[in-house]
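Data first, discussion second: the structure below is written as C-alpha cells.
Residue numbers (the numbering used here), protein chains in the order written: chain A, 50 to 251; chain B, 2 to 537.
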C-alpha cells in the first residue's frame, strides 16, 4: 500500500484508497482480455495426435517397403485445405538413410524427417541419394545438410550460429505392422525445432 | 507496494512533458469533457458512434488476420475464425453487433440533432458531413456482411450490382468500374472497399464532422461496449449457407437497415426508381434540411413543419423496415407471390402516412404546449429529486463488492472459454464491461464527494445541473457553459484543464470571455439546455 509520509500518520488517505480501488477495478476488468491474445497465433498447425507419414502416392510409409537411401516429400501437418498443403513450412523430407549410415535396420533409427525449408533463406532443399552426394542440398545458395543429424556442414546455412545451423526434425514411431507415424511435435528450439529457424543439436 | 500516488517521478514527468508537446497539435484543439456525473447520452451520441467505429476498427483489423477475400475461401475462412481460432467467435460477434450498433446509434444521433434543431447556425457543414457519414456507414456495414459470401451475401451483391447497372447514365460503366467482372472481383473489391476505401473516407469526413467540444463519458462508453458483447453472447450471428451457384438460395432478407429499401425493391417496380431514385431522394432531402428550415427557433415544438417531416420519415422508415422483413409464410404460394409487394398498396400506405404523421405531430405539439402552459400557471412543485445519500463507508463497500463480483466474472469467463461455451463467455465479458461502467460511476461519485467541502450534511452531495456550481475540476468547463451560456474558448481556460490546476469552483468560468451565440451552437454538451435557455 501507499507508504508516503502523510499528515494522517502513515495511513492511506481516502483519496489514495479510492484511486487504488479504481486501479484495481480497471485491472480486473481488462485482465480478461489478456487471454484474448490467443487469437493471434494460428492454431491450425497444432496437433496432439500422431499422424501418418503419407507419401505423395497417398500410401502410408512402411518399413518393409520403403527403399534404403531414398527420400520423399511429406506434408505435415496435413490439412483439409489444399492451399495450406502446398505450404513450404509444411513440407518435410522423409529419408531412409543409406546403408553405411544404418539405413538397413528395420526400426526408426533408419529414418529421418527434416523440414525442407533451408535455414539460410527458406528455399526448399532435398536429399540427393547419388554416390558421392548422399546429402541434403539447397538449390539456392548451396547449403548442404548431413542426413544423419540435420546439421548444415557446408554453404551459408553452416555458417549460421546455433540453433540456425540444424534442421528441425520430427520424431517417428513404427507400429507392429511396419507403418510409420509422426509423433506430436514440440515446436521449440530445444525440442523438434522451429521451421525456418533451427534446432539445438542435443 | 511502496508506490506513492502523489510524488513526481521521472515517468510522470515524461508523461507531462509529452502531454505538453501534444498540446500544440490539431488533436488538442478538441476539448474533451469528462462528465463528473451522469449526463444524458443523447447529447453525445456522435461520440458514442465514433467509439463504436473504433471498436469496429480494432476487431476488424484482428479479423483481417484470418479472413481471406478469395471467392472459394471467404466463407471457409470465416468459418475457421468462428469455430477454430480462439476468441475468433468473440471478435466476429463483437464486430457484427457493433456494426449494427453503429448504424443504430448514428440514426439516433441524426434524429436527435434533427428534432433539437442543432444543425442550425453554422452547423450546416456538420450536418451535411454527418449525412454523408451515415450513408457511408450503411455502405460499410453492407460491404461487411457481403464479404462472407454466403447465400444472403450473394443476393445482396447481385442486387447492388443490378441497381448500379440500372442507372441510366453511365450505370453499366459504373458497375464495371466498382464491382469488376464477376464473383471473384466482387468479393475482393467489396473487401477493399470495406477495409480501406470507405473507412479512409469516413475518417477524413470525421475530421470535418467533429465539433471542437466533445464529451467522453467513460461509463456510457463502457456500457455500450458491454451491451454489444452481451447481445453477441445472446444472439450469436450465424454463418449462413456457403454460396453455391448450383443450389437455389432460400428466402433471405438483408440486414435491418436495408429492409426498408428492400420493401420498395420487392414491389417489382422499375429498379432504378425504387432502388436508386427513392433512397437518393431521401438522402438528398436530408442533406438540404438545414437550408430549408427557416424557423428562428430550435425546439421541435416551435418548428411544426420540420418536426412533422421528421416524424413522417420515421414512420415511413419503421413501416418499410418491417415490411421488408415480412414474407408471406404461406408456403403453398409461389415464391414470387410471397415476395412481391403490391406497389399500389405500398405507395398508398406511404402516402397515407404523411397526413397521419402531420396530424400526430400537430397533436403532440399542441399537447406539449398545453402542458407547458399548465406548468407555468401552477406553482412549481418541489421536484422530487431523490438523491441517494450514502456515507463514504457504504460507497467503499459497494466498490469492494463490485470488485469481488468482477473477480468472480473473470474466473467465470475463463472457465466458460475452457469449456468451449463461447457465447456464454462473451456474455460474461459484456457483463464485466457493464460492471466497470457502474464501478466508474461510483468512483466518480466518491471523488466528487471527497472534493466537496461538505458544508451541510443535509444538502444533496451531487452537484445539480445548472444550479449548484460544479465543484470538480472536470465539470468546471461544462457547468460554465450551461449556467452562463458562455463558452470557454480562451486557451488559458483550456490550459487550466490540461494542467489539472486545482483551482476550485466556478469562479474561473464566470470570468471567462463570452463568445457570440453562433459559436455556442457547436457545443456538444449541455447544449440543448443552453438553447432552451436562450429562447426565454
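Cβ coordinates follow ideal geometry from the N, Cα and C atoms, glycine included.
Asked, Found
"Could you tell me whether any Cβ in chain B is nearer than 9 Å to the Cβ of residue 85/A?", "yes"
"Mind listing the chain A neighbours of residue 415/B? Cutoff is C-beta to C-beta under 9 Å, in chain order.", "81, 84"
"Helix, strand or coil for residue 223/A per DSSP?", "strand"
"Check whether chain B comes within 9 Å of residue 117/A, counting only Cβ atoms and requiring the distance to be less than that.", "no"
"What residues in its chain sit with their C-beta under 7 Å from that of residue 135/A, if we drop five residues either side in the sequence?", "none"
"So within the region 55 to 94 of chain A, which uninterrupted alpha helix (DSSP H) runs reach at least 4 residues, ignoring any that extend past its ends?", "63 to 80"
"Can you tell me whether residue 141/B is helix, strand or coil according to DSSP?", "helix"
"So, with DSSP's three-state summary, where would you put residue 152/B?", "helix"
"Do residue 174/A and residue 186/A come within 9 Å of each other at the CB atom, strictly closer than that value?", "yes"
"With the cut-off set at 9 Å, would you say residue 434/B and residue 411/B are in Cβ contact?", "no"
"Please tell me whether residue 229/B and residue 99/B are closer than 9 Å, where the distance is taken between their beta carbons.", "yes"
"Specify the secondary structure class of residue 184/A as computed by DSSP and reduced to three states.", "strand"
"Counting only C-beta atoms, is residue 63/A closer than 9 Å to chain B at any point?", "yes"
"Alpha carbon to alpha carbon, how far is residue 141/B from residue 150/B?", "15 Å"
"Am I right that residue 280/B and residue 188/B are in contact with their C-beta atoms under 8 Å? What's the rounded C-beta distance?", "No, residue 280/B and residue 188/B are not in contact; Cβ-Cβ is about 24 Å, not under 8 Å."
"Against chain B, does residue 91/A count as a neighbour if the rule is that its beta carbon must be under 9 Å from one of theirs?", "yes"
"Taking residue 32/B as part of the beta strand (DSSP E), name the residues at either end of that continuous run.", "32 to 34"
"List the residues that DSSP assigns as beta-bridge partners of residue 164/A.", "141/A"
"To the nearest whole angstrom, what separates the beta carbons of residue 147/A and residue 183/A, a pair I think is in contact under 8 Å?", "5 Å"
"Is the region 92 to 99 of chain A in contact with the region 207 to 217 of chain A, if contact means three or more CB pairs nearer than 8 Å?", "no"
"Using a threshold of 9 Å, state whether the C-beta atoms of residue 252/B and residue 328/B are closer than that.", "yes"
"Please state the DSSP three-state secondary structure of residue 230/A.", "strand"
"Is the CB of residue 150/B under 9 Å away from at least one CB in chain A?", "no"
"Since residue 200/A contacts residue 215/A with CB under 8 Å, what's their CB separation in whole angstroms?", "5 Å"
"Does the Cβ-Cβ distance between residue 144/B and residue 195/B come in under 9 Å?", "yes"
"The alpha helix (DSSP H) with residue 264/B in it runs from where to where?", "257 to 266"
"With distances taken between CB atoms, is the gap from residue 258/B to residue 132/B smaller than 9 Å?", "no"
"Spatial neighbours of residue 296/B within its chain, please: CB distance less than 7 Å, with the 5 preceding and 5 following residues excluded, ordered by chain position.", "303, 304, 307"
"Would you list the one or two residues that DSSP bridges to residue 247/A?", "243/A"
"List, in order along the chain, the chain B residues whose C-beta lies closer than 7 Å to that of residue 133/A?", "Within 7 Å Cβ-Cβ: nothing; residue 133/A doesn't reach chain B, min ~11 Å."
"Indicate whether the contact test is met: 3 or more Cβ pairs, each with one atom in the region 77 to 91 of chain B and one in the region 206 to 214 of chain B, closer than 8 Å.", "no"
"From the DSSP output, in three-state form, read off residue 411/B for me.", "helix"
"Under 9 Å, do residue 363/B and residue 325/B count as touching if we go by C-beta distance?", "no"
"Does the beta carbon of residue 238/B come closer than 9 Å to any beta carbon on chain A?", "no"
"Less than 8 Å between the CB atoms is what I'm expecting for residue 430/B and residue 405/B, so what's the real figure, rounded?", "About 17 Å separates the two Cβ atoms, so there is no contact after all."
"Shortest alpha-carbon distance to residue 54/B belongs to which of 135/B, 391/B, 166/B, 177/B?", "135/B"
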